[in-house]
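Residue numbers (the working numbering), protein chains in the order written: chain A, 1 to 361; chain B, 362 to 722.
Here's the structure, in structure tokens; my notes come after.
Number of protein chains: 2
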Amino acid sequence: MTDNYCVIMGGGIGSRFWPFSRETFPKQFLDFFGTGRSLLQLTFDHFSKIIPVENIYIVTNELYAELMREQLPELHESQILLEPTRRNTAPCIAYAAYHIYARNPKANIVVAPSDHLIINVDSFLRDVNKGLELVRENDALVTLGVHPSRPETGYGYIQSSDTKLGEFTKVKTFTEKPDYDLAKIFYESGEFFWNSGLFLWNVQSILAAFRKFLPDISARFDLGKDKFNTSEERSFIKEHFPYCPNISIDYGIMEKADNVYMLCVDFGWADLGTWGSLHETATVKDEEKNAFLKTSKALTYESTGNIIALENPEKLAVIQGLNDYIIADSGNVLLICKKEDESKIKQFMADAQMKYGKEFN
Amino acid sequence: MTDNYCVIMGGGIGSRFWPFSRETFPKQFLDFFGTGRSLLQLTFDHFSKIIPVENIYIVTNELYAELMREQLPELHESQILLEPTRRNTAPCIAYAAYHIYARNPKANIVVAPSDHLIINVDSFLRDVNKGLELVRENDALVTLGVHPSRPETGYGYIQSSDTKLGEFTKVKTFTEKPDYDLAKIFYESGEFFWNSGLFLWNVQSILAAFRKFLPDISARFDLGKDKFNTSEERSFIKEHFPYCPNISIDYGIMEKADNVYMLCVDFGWADLGTWGSLHETATVKDEEKNAFLKTSKALTYESTGNIIALENPEKLAVIQGLNDYIIADSGNVLLICKKEDESKIKQFMADAQMKYGKEFN
Numbered sequence: 001m002t003d004n005y006c007v008i009m010g011g012g013i014g015s016r017f018w019p020f021s022r023e024t025f026p027k028q029f030l031d032f033f034g035t036g037r038s039l040l041q042l043t044f045d046h047f048s049k050i051i052p053v054e055n056i057y058i059v060t061n062e063l064y065a066e067l068m069r070e071q072l073p074e075l076h077e078s079q080i081l082l083e084p085t086r087r088n089t090a091p092c093i094a095y096a097a098y099h100i101y102a103r104n105p106k107a108n109i110v111v112a113p114s115d116h117l118i119i120n121v122d123s124f125l126r127d128v129n130k131g132l133e134l135v136r137e138n139d140a141l142v143t144l145g146v147h148p149s150r151p152e153t154g155y156g157y158i159q160s161s162d163t164k165l166g167e168f169t170k171v172k173t174f175t176e177k178p179d180y181d182l183a184k185i186f187y188e189s190g191e192f193f194w195n196s197g198l199f200l201w202n203v204q205s206i207l208a209a210f211r212k213f214l215p216d217i218s219a220r221f222d223l224g225k226d227k228f229n230t231s232e233e234r235s236f237i238k239e240h241f242p243y244c245p246n247i248s249i250d251y252g253i254m255e256k257a258d259n260v261y262m263l264c265v266d267f268g269w270a271d272l273g274t275w276g277s278l279h280e281t282a283t284v285k286d287e288e289k290n291a292f293l294k295t296s297k298a299l300t301y302e303s304t305g306n307i308i309a310l311e312n313p314e315k316l317a318v319i320q321g322l323n324d325y326i327i328a329d330s331g332n333v334l335l336i337c338k339k340e341d342e343s344k345i346k347q348f349m350a351d352a353q354m355k356y357g358k359e360f361n
Numbered sequence: 362m363t364d365n366y367c368v369i370m371g372g373g374i375g376s377r378f379w380p381f382s383r384e385t386f387p388k389q390f391l392d393f394f395g396t397g398r399s400l401l402q403l404t405f406d407h408f409s410k411i412i413p414v415e416n417i418y419i420v421t422n423e424l425y426a427e428l429m430r431e432q433l434p435e436l437h438e439s440q441i442l443l444e445p446t447r448r449n450t451a452p453c454i455a456y457a458a459y460h461i462y463a464r465n466p467k468a469n470i471v472v473a474p475s476d477h478l479i480i481n482v483d484s485f486l487r488d489v490n491k492g493l494e495l496v497r498e499n500d501a502l503v504t505l506g507v508h509p510s511r512p513e514t515g516y517g518y519i520q521s522s523d524t525k526l527g528e529f530t531k532v533k534t535f536t537e538k539p540d541y542d543l544a545k546i547f548y549e550s551g552e553f554f555w556n557s558g559l560f561l562w563n564v565q566s567i568l569a570a571f572r573k574f575l576p577d578i579s580a581r582f583d584l585g586k587d588k589f590n591t592s593e594e595r596s597f598i599k600e601h602f603p604y605c606p607n608i609s610i611d612y613g614i615m616e617k618a619d620n621v622y623m624l625c626v627d628f629g630w631a632d633l634g635t636w637g638s639l640h641e642t643a644t645v646k647d648e649e650k651n652a653f654l655k656t657s658k659a660l661t662y663e664s665t666g667n668i669i670a671l672e673n674p675e676k677l678a679v680i681q682g683l684n685d686y687i688i689a690d691s692g693n694v695l696l697i698c699k700k701e702d703e704s705k706i707k708q709f710m711a712d713a714q715m716k717y718g719k720e721f722n
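As structure tokens, this is what we get:
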């Protein structure tokens, strides 16, 4: 039996993709590209090629338990770890680490978001395997840094150093999303890489890091360390998880630890965090750079650079005289908005709730 | 018993309102303004105040027989006159005239489109009554000319003369839709009026006019003159109606006859022939001149002069950064198109049929 495990984080609400993504149906559950598999399912499919299915975990919010079971019937109930409240990545990762440690204290874990796009899956899996091998032998917290192809302002960056550990390099700093000028400097420097949010570590390394950098979280989980992977886990989590602080693993641990290593990767990666990134990665584009998501029937006239997303694949979009807009038709909401103003969508959703209640969330 | 009759023409397909209006559900059947009554039903409601329901006829295409029965259950089957093929207004009016003549050779008839908007119904009905009184005593073909409120290029115009018949004036010419410069001259002249498409005449006057100006139509119907208003009418029409030429009453008779009179009216009238005219007449507009048709839930940002028409009243429209567009979401089609380019919509519909077949017509 392998010591390799996978944790897929699937609790996000993805409000930036409203109205496609809803509180009741976040983006990781959506089949954005019309492939027949959601982003979550694609992520699962990738990992199941190198990790035994029984070693794959999902952490998600209780709200999405039913959706998870529907989308991933391959998983046993015990492989779906439910968060009773919405926290950030650090509590989510701690929960999974404690659970897996109770099963296998030698576990090597790869942690992955559920809503990212991987183009070259073979290359991706080779890199994951390299990371798993590294952390089997080394007390290292590993992240995958994507070779940047443009001065993207929508991603965080990782700065690597000259200190090597095999193919891996020691990480100097993590940075937040830069403005364009800084992104350009990063891009041209050759030592900055996109922070993919993909992490690898041995379970003992990450638990040690929690105890060192986020002791309030580890102290809380230590209260129930005999209960993980038992019938008492659920009620323990229900009671104690809500006390965890809302903090990201990047901020809470990765930026502070001095055993963080990076593998430079180039497997075609995108964080589908924005409509703009979807436009970048969309596979169905016409000659006028209109990108079609799910939409299979469309007529466009004097229109360029739009994202046209109709949830109903039988529906026809007829678009004339429109440039660089998002047109998203999903359920009981039709959204039309300039691509450059997509950051306002969260506010639109909030306004809708204020005016009409929660029915459009 | 009264000699007054009404003929509502309800056979149009209204393709300019696609996708709201479909071949299977033309605009006259739509409740455009969310009043709970379609344009057809509103037309019926108006006339039923001054004309006995049993004297009200609908002429429509066979395709819409079922819709007619649903929308106007007040009518007996014999009051729905079915055209087996799509012709223009002249054959439609001839059919109704022959049918009514067989019932009552002294009938006075008002003929009306089914898709026009009347604002001041009392004023409208007073004018109709004036017309019915005139044609009872005079061999006159009467039309209602609407006092123009702007140099509209979307309507035909009627030029009146100084020759009077009571309140009515003899018509000098009918003109097609003018360009803007000509429309401005018409508007300022004081002697041009919008052609409302509302006509009044005694049944003998109109039958005489058909015999004089459209003898091929009258000769065709004369073949079955004993069959109208009998059980044989239906099969006679099925056989002979398709031979009628495709010609409008304006072109075929009104422009040629020398007994055409006009009443100048001002009851708030609109031919809902275009999205633009709907925008003009829409009752629900916000401060930015966005007009909402059926749409009851909407958020608009940096957007002015749009027509927002969502068929589903529970659906939310969120529109940002858009000026002077038509946004029409109906059934399996979403249309977004510049208001100034609405004349292209027929072509869009034709393109959709070419590319995908008839499912979107």
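Heads up, the beta-carbon is just placed ideally off N, CA and C, and yes, glycines get one too.
Just so you know, these numbers come straight off a predicted model, no measurement behind them.
In the structure shown, what three-state DSSP assignment does residue i receive?
{"i": "A643(B)", "result": "coil"}
{"i": "I536(B)", "result": "Before going on, a small fix: residue 536(B) reads as Thr here, not Ile. T536(B): strand per DSSP, three-state reduction."}
{"i": "S231(A)", "result": "coil"}
{"i": "T385(B)", "result": "coil"}
{"i": "T404(B)", "result": "helix"}
{"i": "W201(A)", "result": "strand"}
{"i": "W275(A)", "result": "helix"}
{"i": "L543(B)", "result": "helix"}
{"i": "Y301(A)", "result": "strand"}
{"i": "S78(A)", "result": "helix"}
{"i": "N490(B)", "result": "helix"}
{"i": "D583(B)", "result": "helix"}
{"i": "H147(A)", "result": "coil"}
Near residue i, what residues of its chain come up, given a Cβ to Cβ distance below 6 Å and the 5 sequence neighbours on each side ignored?
{"i": "I249(A)", "result": "T89, A90 and I93"}
{"i": "L55(A)", "result": "According to the sequence shown, residue 55(A) is Asn rather than Leu. Cβ neighbours of N55(A) beyond the five flanking positions: Y5."}
{"i": "K658(B)", "result": "L677"}
{"i": "F360(A)", "result": "V333 and A352"}
For residue i and residue j, what's the separation of their Cα atoms in angstroms?
{"i": "H437(B)", "j": "A309(A)", "result": "47 Å"}
{"i": "I411(B)", "j": "V496(B)", "result": "16 Å"}
{"i": "A631(B)", "j": "G375(B)", "result": "15 Å"}
{"i": "L614(B)", "j": "I461(B)", "result": "Here the sequence assigns Ile to residue 614(B), which means Leu is not the residue at that position. If you take the alpha carbons of I614(B) and I461(B), they lie about 19 Å apart."}
{"i": "I441(B)", "j": "N563(B)", "result": "20 Å"}
{"i": "T274(A)", "j": "I307(A)", "result": "11 Å"}
{"i": "T85(A)", "j": "E62(A)", "result": "8 Å"}
{"i": "I664(B)", "j": "L335(A)", "result": "Reading off the sequence, residue 664(B) comes out as Ser, not Ile. About 13 Å."}
{"i": "C244(A)", "j": "L30(A)", "result": "29 Å"}
{"i": "P674(B)", "j": "E74(A)", "result": "40 Å"}
{"i": "K27(A)", "j": "Y64(A)", "result": "12 Å"}
{"i": "C337(A)", "j": "I119(A)", "result": "28 Å"}
{"i": "S38(A)", "j": "D286(A)", "result": "23 Å"}
{"i": "K212(A)", "j": "A291(A)", "result": "46 Å"}
Ignore the nearest five residues each way along the sequence and tell me which others in residue i's own chain have a CB closer than 8 Å to its CB.
{"i": "G692(B)", "result": "P380, R383 and E672"}
{"i": "V265(A)", "result": "S123, F124, D127, L144, G145, V146, H147 and S196"}
{"i": "L165(A)", "result": "L134, N138, A140 and Y261"}
{"i": "Y95(A)", "result": "V59, L81, E83, F221, I237 and F241"}
Verify whether the separation of the beta carbon atoms of residue i and residue j is less than 8 Å.
{"i": "K339(A)", "j": "Q681(B)", "result": "no"}
{"i": "E528(B)", "j": "L433(B)", "result": "no"}
{"i": "I369(B)", "j": "F405(B)", "result": "yes"}
{"i": "F589(B)", "j": "A689(B)", "result": "no"}
{"i": "Q159(A)", "j": "E191(A)", "result": "yes"}
Quick check on residue i: buried or exposed, where buried means 16 or more other Cβ atoms within 10 Å of its Cβ?
{"i": "S566(B)", "result": "buried"}
{"i": "G718(B)", "result": "exposed"}
{"i": "F98(A)", "result": "Per the sequence shown, residue 98(A) should be read as Tyr rather than Phe. Classification for Y98(A): buried."}
{"i": "L223(A)", "result": "exposed"}
{"i": "I546(B)", "result": "exposed"}
{"i": "G36(A)", "result": "exposed"}
{"i": "I58(A)", "result": "buried"}
{"i": "D476(B)", "result": "buried"}
{"i": "T24(A)", "result": "exposed"}
{"i": "N607(B)", "result": "exposed"}
Does the ligand FAD have a heavy atom nearer than 7 Å to the CB of residue i?
{"i": "R572(B)", "result": "The ligand FAD is absent from the structure shown, which contains no ligand whatsoever."}
If I measure Cβ to Cβ from residue i and keep anything under 7 Å in the same chain, skipping five residues before and after, which residues do I get?
{"i": "N465(B)", "result": "D364"}
{"i": "V318(A)", "result": "L299"}
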